[in-house]
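> This is the structure, below, for whatever I ask next.
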Amino acid sequence: MITWWKPKTYWSRNRRQIPRRALFTVTMAKLRVIDGMLHLFDRVKRTCRLILPSGRVSKVVREIHVELGHAGQRTTEVAVRQHFWWPKLHDDVVRNCANCNICAQTDSPTVAPKVLFQTVATVGPNHRVGVDVIGPVPRSRMGNKYILVIVGYFTIWCEAFPMPIQEAPIITSLFVNEWVARFGKPIELHSEQGAAFESRLLEEVCRTLRIHETRTTPYHPQSNGLVERTNRTVMTILRAFIEQHQSNRWDEILPQCLLAHRAAVHLSTGYTPSLLTLGHGLRSPIKVLTSLASAECIGSPHYVKELGERLRVAYKIAAQHQ
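Just so it is clear: in the sequence shown, position 184 is 183 by numbering that gives the first Met the number 0, and no numbers are missing.
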């Protein structure tokens, strides 16, 4: 791939490998050879992306698509563009996503989004958190039939926990021990109408922790739209993993589904939930392939300072989309 930086010899020998050579001439000044591989370096955007030959394109696109839990074309394309570049990238992503057999078997028909009854404004991470229960679903080998979903409205970070039954003590315990212990207490806790969320136990816990409880109205349950959309996304990813592995161990696959959701760019914020929550992207197989080169290309001697600046910009942009 080093010969890519020497176009006179490369183009004469490898015309079939990348036939759209004219597109490379305008980017020659941005090319860098790192560890023997050619990268496209952008000083303004502070990005360093690996340039793929056409023979590797389909394999990489399919791996990223599967890694993100068979995400849609737009989400897959955003993830691909974060790490790679080649001519006609958009067309190749569209074609590979359209040819995915798993997606063809598991995708649900697209439903027009409902108008929310109330616009919810959040000021930062863990300000407002939504909870909901999915189920009953087919019983897993471990006896679980329900999934408790907890989502941060600002970061779209999602936690999901399998449950054998839907009862207030279990929900309350998971919320306190898994969410509050990890992220701290939220300012608001939003939930559906239902006995499990209207229990005296959960009410007492929220009162003790000084968490303000809100609920959807009986005639406008779509006001908890973020959690409902997250539920659909989690279930779509889960169905894809189950179809791929042909297993009823959905509760064992659930953490992989959450990894896919957290690593995907959310179209409403423009960032991944992991970046808005942790300050960095999650290390995935594709990211391992490109992270070393990116680090060498950009460098980060003042990591803490740059991290703070990235989070400040990310929070500002994410807040504009709330």
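Heads up, the beta-carbon is just placed ideally off N, CA and C, and yes, glycines get one too.
Just so we're clear, the structure is a prediction, and the values are computed from it rather than from any experiment.
Whole beta strand (DSSP E) runs in the stretch 109 to 173 with 3 or more residues, listed along the chain?
127 to 133, 145 to 151, 157 to 162
> Taking its Cβ as the centre, do 16 or more other Cβ atoms sit within 10 Å of glutamate 76, making it buried, or is it exposed?
Counting from one through the sequence shown, the residue named residue 76 turns up at place 77. Buried, by the Cβ-count rule.
> Rank Ser139, Ile146, Val59 by C-alpha distance to the C-alpha of glutamine 81 and give the top, closest one.
Residue mapping note: residue 81 aligns to position 82 of the sequence shown, counting from 1. Here the closest residue by C-alpha is Val59.
> For my contact list, proline 272 and arginine 261 are in at a C-beta cut-off of 8 angstroms; report their separation, rounded to the angstrom.
Taking the sequence shown and counting its residues from 1, the one referred to as residue 272 is at position 273. Taking the sequence shown and counting its residues from 1, the one referred to as residue 261 is at position 262. Right, the Cβ-Cβ distance comes to about 5 angstroms (below 8 angstroms), so this counts as a contact.
> Among Asn230, Thr235, Leu49, which has the Cα closest to the Cα of leucine 147?
As a working mapping, residue 147 is identified with position 148 in the sequence shown. Leucine 147 has its Cα closest to that of Asn230, out of Asn230, Thr235, Leu49.
> So, are the CB atoms of tryptophan 178 and glutamate 202 less than 8 angstroms apart?
The residue labelled residue 178 in the question sits at position 179 within the sequence shown. The residue labelled residue 202 in the question sits at position 203 within the sequence shown. No. Outside cutoff.
> Compute the distance between the beta-carbons of valine 226 and cysteine 256, then report whether it is under 8 angstroms.
Position 227 of the sequence shown, counted from the start, is the residue given in the question as residue 226. Position 257 of the sequence shown, counted from the start, is the residue given in the question as residue 256. In this structure, cysteine 256 does not lie closer than 8 angstroms to valine 226 by Cβ.
> Out of Pro185, Ala194, Phe174, Arg48, which has the shortest C-alpha to C-alpha gap to arginine 209?
Here residue 209 is taken as the residue at index 210 of the sequence shown, counted from 1. The residue with the shortest Cα to Cα distance from arginine 209 is Pro185.
> Report all residues from its chain with a CB closer than 6 angstroms to the CB of proline 124; omit the five preceding and five following residues, and keep chain order.
On the sequence shown, residue 124 is found 125 positions in, with the first residue counted as 1. Here the set comprises Phe153, Thr154.
> Going by the beta-carbon positions, is the gap between glutamine 165 and glycine 129 smaller than 8 angstroms?
Here residue 165 refers to the residue found at position 166 of the sequence shown. Here residue 129 refers to the residue found at position 130 of the sequence shown. Not closer than 8 angstroms, so no.
> CB arginine 94 to CB arginine 248, shorter than 8 angstroms?
As a working note, residue 94 is residue 95 in the sequence shown. As a working note, residue 248 is residue 249 in the sequence shown. It is not a contact, given that the beta carbons lie outside the stated cut-off.
> Count the other C-beta atoms from every protein chain shown that fall within 10 angstroms of the C-beta of aspartate 91, then say buried if there are 16 or more, exposed otherwise.
Here the question's residue 91 lines up with position 92 in the sequence shown. Result: buried.
> Taking the straight line between their C-alpha atoms, what separation do you get for isoleucine 241 and alanine 259?
The residue labelled residue 241 in the question sits at position 242 within the sequence shown. The residue labelled residue 259 in the question sits at position 260 within the sequence shown. Near 14 angstroms, if we compare the C-alpha coordinates of alanine 259 and isoleucine 241.
> Go ahead and pull the three-state DSSP assignment for threonine 271.
Residue numbering aside, residue 271 sits at position 272 when the sequence shown is read from its first letter. Three-state result, threonine 271: coil.
> If valine 48 and leucine 39 are in contact, beta carbons under 8 angstroms, what's the gap, nearest whole angstrom?
Within the sequence shown, residue 48 is the residue found at index 49, counting from 1. Within the sequence shown, residue 39 is the residue found at index 40, counting from 1. Before going on, a small fix: residue 48 reads as arginine here, not valine. Indeed they touch by this definition, with Cβ atoms about 5 angstroms apart.
> Kindly identify the DSSP beta-bridge partner or partners of glutamate 197.
Here residue 197 refers to the residue found at position 198 when the sequence shown is read from its first residue. According to DSSP, which records beta bridges pairwise, glutamate 197 is partnered with nothing at all.
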